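Notes follow the structure.
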Amino acid sequence: MCSTNLIEKSYKIIKISGDENQRTLFFDIGMKENVLPGQFYMLNYNVSQKPFSVSHFENGILGITILKRGEATSKMVNAKIGEYVGLTGPLGNSFDLTSYDSYLLLGGGVGSAPIYFAAKYLKNAGKKCYVLIGARTKSLYQYTTDLVGNVDFIKYYTDDDTGENKGFLTSGIKEVMDKYKIDTLNLCGPEKMMTTAIKELSTYNTNIEISMERYMKCGVGICGSCVLDDIGLRVCADGPVFNYNVLKKSSEFGKYHRDSGGIIEKF
Amino acid sequence: MCSTNLIEKSYKIIKISGDENQRTLFFDIGMKENVLPGQFYMLNYNVSQKPFSVSHFENGILGITILKRGEATSKMVNAKIGEYVGLTGPLGNSFDLTSYDSYLLLGGGVGSAPIYFAAKYLKNAGKKCYVLIGARTKSLYQYTTDLVGNVDFIKYYTDDDTGENKGFLTSGIKEVMDKYKIDTLNLCGPEKMMTTAIKELSTYNTNIEISMERYMKCGVGICGSCVLDDIGLRVCADGPVFNYNVLKKSSEFGKYHRDSGGIIEKF
Amino acid sequence: MEKLHQCSIKFGSLTFKRNGVLASGILGVTGHSMASVANKGAGGITCKSISKNKRKGHPTPVVQVFENGLINAVGLSSTGVDNTNLELEIVRKKSDSVIIASVFGGTKEEFRETIELLENANIDAIELNISCPNVASEFCTPFACSPTEASSVVKEVRNSTKLPLLVKLSPNFPGIGNIAKACEDSGADGITAINTVGPGMLIDINTFRPKLSNRTGGVSGPAILPIAVRNVYDIYKSVKIPIIGMGGVTNFEDAIQIIAAGATVYGIGTAVMYHGVEIFNKINGEINEYLAEKNIKYEELIGIAHQI
Amino acid sequence: MEKLHQCSIKFGSLTFKRNGVLASGILGVTGHSMASVANKGAGGITCKSISKNKRKGHPTPVVQVFENGLINAVGLSSTGVDNTNLELEIVRKKSDSVIIASVFGGTKEEFRETIELLENANIDAIELNISCPNVASEFCTPFACSPTEASSVVKEVRNSTKLPLLVKLSPNFPGIGNIAKACEDSGADGITAINTVGPGMLIDINTFRPKLSNRTGGVSGPAILPIAVRNVYDIYKSVKIPIIGMGGVTNFEDAIQIIAAGATVYGIGTAVMYHGVEIFNKINGEINEYLAEKNIKYEELIGIAHQI
Ligand SMILES: Cc1cc2nc3c(=O)[nH]c(=O)nc-3n(C[C@H](O)[C@H](O)[C@H](O)COP(=O)(O)OP(=O)(O)OC[C@H]3O[C@@H](n4cnc5c(N)ncnc54)[C@H](O)[C@@H]3O)c2cc1C
Ligand SMILES: Cc1cc2nc3c(=O)[nH]c(=O)nc-3n(C[C@H](O)[C@H](O)[C@H](O)COP(=O)(O)OP(=O)(O)OC[C@H]3O[C@@H](n4cnc5c(N)ncnc54)[C@H](O)[C@@H]3O)c2cc1C
Ligand SMILES: Cc1cc2nc3c(=O)[nH]c(=O)nc-3n(C[C@H](O)[C@H](O)[C@H](O)COP(=O)(O)O)c2cc1C
Ligand SMILES: Cc1cc2nc3c(=O)[nH]c(=O)nc-3n(C[C@H](O)[C@H](O)[C@H](O)COP(=O)(O)O)c2cc1C
Ligand code: FES
Ligand code: FES
Chain L
342 MCSTNLIEKS YKIIKISGDE NQRTLFFDIG MKENVLPGQF YMLNYNVSQK
392 PFSVSHFENG ILGITILKRG EATSKMVNAK IGEYVGLTGP LGNSFDLTSY
442 DSYLLLGGGV GSAPIYFAAK YLKNAGKKCY VLIGARTKSL YQYTTDLVGN
492 VDFIKYYTDD DTGENKGFLT SGIKEVMDKY KIDTLNLCGP EKMMTTAIKE
542 LSTYNTNIEI SMERYMKCGV GICGSCVLDD IGLRVCADGP VFNYNVLKKS
592 SEFGKYHRDS GGIIEKF
Chain A
342 MCSTNLIEKS YKIIKISGDE NQRTLFFDIG MKENVLPGQF YMLNYNVSQK
392 PFSVSHFENG ILGITILKRG EATSKMVNAK IGEYVGLTGP LGNSFDLTSY
442 DSYLLLGGGV GSAPIYFAAK YLKNAGKKCY VLIGARTKSL YQYTTDLVGN
492 VDFIKYYTDD DTGENKGFLT SGIKEVMDKY KIDTLNLCGP EKMMTTAIKE
542 LSTYNTNIEI SMERYMKCGV GICGSCVLDD IGLRVCADGP VFNYNVLKKS
592 SEFGKYHRDS GGIIEKF
Chain W
12 MEKLHQCSIK FGSLTFKRNG VLASGILGVT GHSMASVANK GAGGITCKSI
62 SKNKRKGHPT PVVQVFENGL INAVGLSSTG VDNTNLELEI VRKKSDSVII
112 ASVFGGTKEE FRETIELLEN ANIDAIELNI SCPNVASEFC TPFACSPTEA
162 SSVVKEVRNS TKLPLLVKLS PNFPGIGNIA KACEDSGADG ITAINTVGPG
212 MLIDINTFRP KLSNRTGGVS GPAILPIAVR NVYDIYKSVK IPIIGMGGVT
262 NFEDAIQIIA AGATVYGIGT AVMYHGVEIF NKINGEINEY LAEKNIKYEE
312 LIGIAHQI
Chain U
12 MEKLHQCSIK FGSLTFKRNG VLASGILGVT GHSMASVANK GAGGITCKSI
62 SKNKRKGHPT PVVQVFENGL INAVGLSSTG VDNTNLELEI VRKKSDSVII
112 ASVFGGTKEE FRETIELLEN ANIDAIELNI SCPNVASEFC TPFACSPTEA
162 SSVVKEVRNS TKLPLLVKLS PNFPGIGNIA KACEDSGADG ITAINTVGPG
212 MLIDINTFRP KLSNRTGGVS GPAILPIAVR NVYDIYKSVK IPIIGMGGVT
262 NFEDAIQIIA AGATVYGIGT AVMYHGVEIF NKINGEINEY LAEKNIKYEE
312 LIGIAHQI
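Protein chains in written order, with my numbering: chain L, 342 to 608; chain A, 342 to 608; chain W, 12 to 319; chain U, 12 to 319.
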C-alpha cells in the first residue's frame, strides 16, 4: 500500500508571484517526484483544503496557481513565504502529450494553469504547440507570458480591454485550426468555454482531451463527490483529464455540477 | 513495511522423506524467494510453532528436516503429504559462504540440516568443501548421504555402531585440519559438540562461524526469548549464525540456555 | 468491459447475484456512481448514510491517508431522504445490485422518522448506522456502544419497515458479540461490521495541526483488517443472522479471512482508493478460482474458522 | 559503536538521559537484553510485565505479522518477581537507562502484593499494566476499561511504593481521557499509552485456523499509529502528569507526532522488529536535527498540537 502520493506532506512556500487576486505558490518538493501536466494536488492551508492543478514543475520546484474565488482560496492567496502548506499528490491522470506531434491547447480562466505547464512540457519534448488563453483581465494571464516566443503560436484574450484581444478565446480556434496542422486539443477552463470550443471543433474531427473540475472532498477516489453522471467516473481518480469520446457520454458535462453536499447546480 | 518474509504463509507438503524419528518435509515456495544456508523458518503445524533451519532449497522447493524431540516435533514428524503448514521466513542471517575458498563444515545431530544445505551450496559455487557429520544413529544422517562423492571430503560418525565410524565427529577435526588447507569452519549442533570442536581448533587460528539454537517464541526479533547473555544479541534476528569472535564474549555459550519462561537451564 | 463474476448467495431473505458490497460512504453520493460500481462487479451497494434532516458534514480536509490506510471525518453530510431516493432509483434502473440504504439519526426517533420517509423507496434493505465515530461530539456516544442502546434503536424502528434491517456495528466498544445478539433479539435481520476504528488522529510535523478539520477521524483500510476479522468472528459466534463483513479487505485473501470468520458476503470501502472499483470483480474471480482449486462450495467457507 | 544522542528530559521526578522508551514485552526478558537496548540508544527500558505468581503464557505461535504490523498474544508469562529483580539489577549495573518495572496482576490485591515484592528492587518506576487485552478470557475485562476500575487499582497500590507510578492504558475502551484523569486523581505519576489495539485475529486461508494459538491478539505497529496519536492527544487534554507515548512509532516523524500530541517521551515496541534496536538512536538523532532546523526547544514540542 505504499502509495505515497496519497499521503499529505507539508512543504514550505519558497516563492510567491502574482497578486492578491491570483497567486502562484512555489514549493521545493524534490526531484524524486514525477509530476505531469494535468495532474493536481490537494492543497491544505491552515486546515482548508482544495484541489489545484500543477502550473509549474521544474527541477523539483512545484508551482500552484490559485485564483481567489471563495472562502478557501481567499485565505490561500494571502499565504506568505516560509509558511507550510500540506500537499497531497500528484493526483489523477495527465494529458496525453506523447502520442501526437502537434497540439492546440486552450486555457480559460485559471484553467490556463495546467495549460501553461503542458505548453512548457510539449516544447521540452520538441512537439508543435499552439496556445489560446482567455482570462477576465490581463493580470490573470500575466504568469504565462513567458510562453510568448517559446511556443509555435500563442494568443491571449480578455473579457475587458486590458489585453491585446478583447473577446473569448474560442473565437480564435478557427484561425488556428485552418492555418496549422493540429493533431489533438487539450482543454481546461469553464465548461461553457469548453462546450463552445467543442462546437467550433465539430467540423474538424480531431482528438480532444478535457480537464474537468468538480467539487472534491477527498481527491483520492473514495468519497464520491466528484463522480460524473451517467458515466460514473471519478474526476479525481479516473480524471481529471478525459477524452471527449468518453465525456460526451456524460449527461452532466456542460450542463451541471454538484455542490459540497451533492446537490445539483446548473451552470 | 513490506517485509513479507515476516508474514506467515501456508504451503502444502508436497513430499516427505525420513521416518517417524526424523522427517524431511518439502514445500513448493517458488523461485522468487532467496533462501540461504543458515537461515531458518518458523514452522506452524496445527497451531504448534517452532524454528527449523532450511536443509534443502532448489528450484523453489524448500526442505525442512525435523527431529522428533518433544511435543511439537512429535506432531510434526507425523505430518502427511497434502497437509498445509504455516511457514514464516526465511528468517535470520546465513553462513558466510562467499568470502573464503575452502570450508570445513561440522554438523552434529539435526545440526546437520543447515550443514547439508551449506555443503550443496558451496559445491554449486565451486568452493572446496569438507564435511564431518555426527548422529546418534545412521538413519538420522541418511538424508545427507548424497553428499558423498560430491564434496571434497565427508565422514560420518555415530554414537551407536550402525555407521562406519563410531564416536564423536569432533574426533575427526584434527585429521581434516592437518591434511587440507581450511580457511574457515561452519558449525551447527549441540553446544557441547561445538565447544569441544572449538577446543580442538584452538591451535589452528581459523575463522569459525557457529549456528546457534535457543528457545524462540517469536522468531522475528521482538519477544526477547532468544537473546544471548552479555552480548545482548537475538539469535533469531541478529543470528542464528555468529562469528566465534562475537560468541566467545557471551557468558552463556556452551554453558546454559533458557526455557520458554526465560528460566536458565544448564547444559 | 470485463465479464462479471456472477454467483448466488442467500443473505437472509435477500439474494446477492455477485459477492462484494460497496461500503457506506464510499462513492455513494450519486445513483450513477453506485450503479457504476455495481456494473463493474459489486453485488451490493450501500449509499452514504442518509438522515431526515439535511446535514453539511465537516469542512475539508475530511480524508487523510497514511501508510496503512486512512482516517476520515466526512461527517454525516446528507442531502436528505428525497434526494437520496431519486439517486437510489437510478441504481435500481441501471443495475441488478442489492440496494442498501444506510440510515443515520441523532436520536432513536430521527432513525424511525427517516425510515418512515423511505417507505416508497426502491431499495432492498435498510442499514442502521449506529456506529459513526466522527460525530461523537455532536451526538455523544454512538448507539453501538452497548447491547441496551443498540437494541433500543432496533426496537424503535423495527415496525416502521418490512424491509430486512441490518445494523452497522462499531469495533470501538467491548463485547460486540453481545451487542449483535441484542440487535438480533430485537428484530435485526443482519449485521454489518465493522465501521471505522478509533478514531485516530494524524498531526502535521511542520504546522503541528491535526491533519483533519475535525481533528480526529475513523481509521479504515489495511490497518484494521485483523480487528475486522476478530469482530466478525465474535459476531458469528453470537448470532444466527447473516453478516456483511468489512474492514480493511483489500485483496482476495483478506476476503477469504473475513468470510472464514463468519461473513456471508464481504464488503469493501477503502480498497477502492488503492485499486479502483474493479477490485470487486477481481476478488470475485479469485474467490471462484480458489473455491474451484479447493473443490469446496462457497457456503462451506462461511464461518469455517469456527469449525476447526 | 555509534555515538549515542544524549539529552535531558524531565518526566515528573525522573530524568531521561536519552529519549525513547523500550515498550514492555519487547526484548524485556533478560537483563543483558534490556541493557543492550539501552546501550544502543533507548533512554528508558520497561521489562516484560511481571507478576507475583509465575505464569506460563500462551503456547506458540504467539506473534503473527501482517502487512501493517503484528498481532501478539504472548500472554503474561512471568518468571516471578525474584528472577526479574535479578535481571533488572543487571540493567542497572550495565546501563544508565531509566528502569521501569511493568507489573501485572489478576486482581487488585495481586497488583499490590507484586509491588510489595519489588520493595528492594533497583528500579526507577513502576508501570501498572492494567490494559493487556490478551488475557481477557482468563481475567475478564482489563481494569483499564473504566475510570472507576482503573483508579481502584491505583488506590490499592499507591501506598505500597514510593516510586513513581505509571499506568499503562488501553485504546480499546471509550473515554481514555477520563480514565487517565481518574488515575491521576488517585495518585498516578504518569501515563503510558497505548497498549495494543483490538484485539485482532488473522486466519490462515488454507488451514482456516486462527493464526495465533490464543486465536486473538493485540494489534501493534504502524497500523495503530493514528489511534495512538489520538489517545495521547486525549490524555494530554485531561491530565497534568507526563505521558510515555507509544503505539506504531516507527520513524522520527511518528515520534514527533506523538510528542506533539502530548507525550513527554516516545516509546517503541514493534518497530524493533523492522529496524532493530538501533532505531532509538536513529530517531533521537533525527529529532535533534529537526529541533535544530526549526530552532525550537524539545520542551516546546510536547503537546504543541494543542496550542495551534
Ligand atoms: C482538478 C481540479 C483542478 C483545479 N485547479 C485549479 C487551479 O489550478 N487553480 C485554481 O485557482 N483553482 C483550481 N481549481 C478550482 C479550485 O479547487 C476552486 O477554485 C476552489 O475549490 C474554490 O474554493 P473556495 O473555498 O475558494 O470557493 P468556495 O467558497 O467553495 O466557492 C466559491 C464559488 O466557486 C464555486 N465553485 C467552487 N468550486 C467549484 C468547482 N469545483 N466547480 C465549479 N464551481 C465551483 C462555488 O459554487 C462558488 O460559487 C481546480 C479544481 C479541480 C477540481
Ligand atoms: C535457529 C534454529 C534452527 C533449528 N533447526 C532445526 C532443524 O533444522 N531441525 C530440527 O529438528 N530442529 C531444529 N531446531 C530445534 C527445534 O526448534 C526444536 O527441536 C524444537 O523447538 C523442539 O520442540 P518440541 O516441542 O518438539 O520439544 P519440546 O517439548 O519443546 O522440548 C523437548 C526437549 O528439547 C529441549 N529443547 C527444546 N528446544 C530447545 C532448544 N532450542 N535448545 C535446547 N534444548 C531445547 C527441551 O528442553 C526438552 O528437553 C532449531 C532451533 C533453532 C532455534
Ligand atoms: C470516506 C469514508 C466515509 C465513510 N462514511 C460512512 C458512512 O456514511 N456510514 C457508514 O456506516 N460508514 C461509513 N464509513 C465506514 C465504511 O463504510 C466501512 O465500514 C469502513 O471504512 C471499514 O471498511 P474499509 O476498511 O474497507 O474501508 C466510511 C468510511 C470512509 C473511508
Ligand atoms: C510481542 C509483544 C509483547 C507485549 N507484551 C506486553 C506486556 O507484557 N506488557 C505491556 O504492558 N505491554 C505489552 N505489549 C504492548 C507494548 O508494550 C506496546 O504498548 C504496544 O505494542 C504498542 O506499541 P508498538 O506499536 O510500538 O509496538 C506487548 C507488545 C508486543 C508486540
Ligand atoms: S473527490 Fe472524492 S471521489 Fe473524487
Ligand atoms: S525469538 Fe523472539 S526475539 Fe528471538
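All C-beta atoms in this analysis are idealised placements derived from N, C-alpha and C, irrespective of residue type, glycine included. Note that the structure is a prediction, hence the values are computed from the model and not measured.
Our two residues, residue 495 of chain L and residue 489 of chain L, have alpha carbons roughly 6 Å apart in a direct line. Restricting attention to alpha helix (DSSP H) runs no shorter than 4 residues, the region 229 to 312 of chain W encloses them at 236 to 249, 263 to 272, 282 to 286, 290 to 305, 309 to 312, ordered along the chain.
Against chain W, the beta carbon of residue 577 of chain L has no neighbour under 7 Å; the closest one sits roughly 10 Å away. Annotation for residue 410 of chain A indicates a beta carbon within 6 Å of some heavy atom of ligand 2. In this structure, the C-beta of residue 85 of chain W approaches ligand 3 to less than 6 Å from one of its heavy atoms. Here the residues close to ligand 5, judged by CB distance below 7 Å to any of its heavy atoms, are L:557, L:558, L:559, L:560, L:561, L:562, L:563, L:564, L:565, L:566, L:567, L:568, L:575, L:576, L:577, L:578, W:38 in chain order. Set against 6 Å, the gap from the CB of residue 451 of chain A to the closest heavy atom of ligand 2 is smaller.
For residue 591 of chain A, the distance from the CB to the nearest heavy atom of ligand 2 is not below 6 Å.
Taking the Cβ of residue 225 of chain W as the reference point, every heavy atom of ligand 3 lies at 6 Å or farther away.
Residue A:607 holds the alpha-carbon nearest to the alpha-carbon of residue 592 of chain A among A:581, A:579, A:607. In this structure, residue 204 of chain W places its C-beta atom within 7 Å of the C-beta atom of residue 242 of chain W. Remark: the C-beta of residue 392 of chain L is in contact range of ligand 1, defined as less than 6 Å to any heavy atom. Shown here, residue 383 of chain A sits in a strand according to DSSP, grouped into three states.
Taking 7 Å as the CB threshold, residue 66 of chain U stays off the interface with chain W.
Of all C-beta pairs linking the region 102 to 112 of chain U to the region 290 to 300 of chain W, fewer than three are shorter than 8 Å, placing the two stretches out of contact. Membership of residue 83 of chain U in the beta strand (DSSP E) is indicated by the continuous run 80 to 83. Look at residue 22 of chain W here: in three-state DSSP terms it is strand. Listed along chain U are 241, each with a C-beta nearer than 7 Å to that of residue 227 of chain W.
Here residue 112 of chain W is near residue 129 of chain W, since their CB atoms are less than 7 Å apart. Nearest to residue 518 of chain L by C-alpha distance, out of L:529, L:503, L:539, is L:539.
Inter-segment contact for the region 248 to 258 of chain U and the region 211 to 221 of chain U is absent: fewer than three beta-carbon pairs are separated by less than 8 Å. Sixteen is the threshold: since fewer than 16 other Cβ atoms of the shown chains lie within 10 Å of the Cβ of residue 345 of chain A, the residue is exposed.
Leaving aside the five residues that flank residue 416 of chain L on each side, the residues in its chain whose CB is nearer than 7 Å to its CB run, in chain order, 386, 387, 389.
In the structure shown, residue 168 of chain U adopts helical secondary structure according to DSSP, grouped into three states. Residues of chain W whose Cβ lies closer than 7 Å to the Cβ of residue 290 of chain U do not exist; the shortest such Cβ separation is about 16 Å. In chain order, 575 place their CB closer than 6 Å to the CB of residue 568 of chain L, counting only its own chain and leaving out the 5 sequence neighbours on each side. Here residue 118 of chain U is exposed: its Cβ has fewer than 16 other Cβ atoms, across all protein chains shown, within 10 Å. Given a length threshold of 4 residues, each whole run of the alpha helix (DSSP H) inside the region 390 to 478 of chain L is given here in chain order: 412 to 417, 453 to 465. The three-state secondary structure of residue 606 of chain L, taken from DSSP, is strand. Ranked by Cα distance from residue 459 of chain A, the options A:410, A:426, A:399 are led by A:399.
Under the 7 Å criterion on CB atoms, residue 244 of chain U is classed as interfacial with respect to chain W. At least one heavy atom of ligand 3 lies closer than 6 Å to the C-beta of residue 34 of chain W. Contact of residue 212 of chain U with chain A is not assigned, every C-beta pair being separated by 7 Å or more. At a Cβ-Cβ threshold of 7 Å, residue 220 of chain U and residue 319 of chain W count as neighbours. In this structure, residue 176 of chain U places its C-beta atom within 7 Å of the C-beta atom of residue 137 of chain U. Looking at the DSSP output, residue 226 of chain W shares a beta bridge with W:223.
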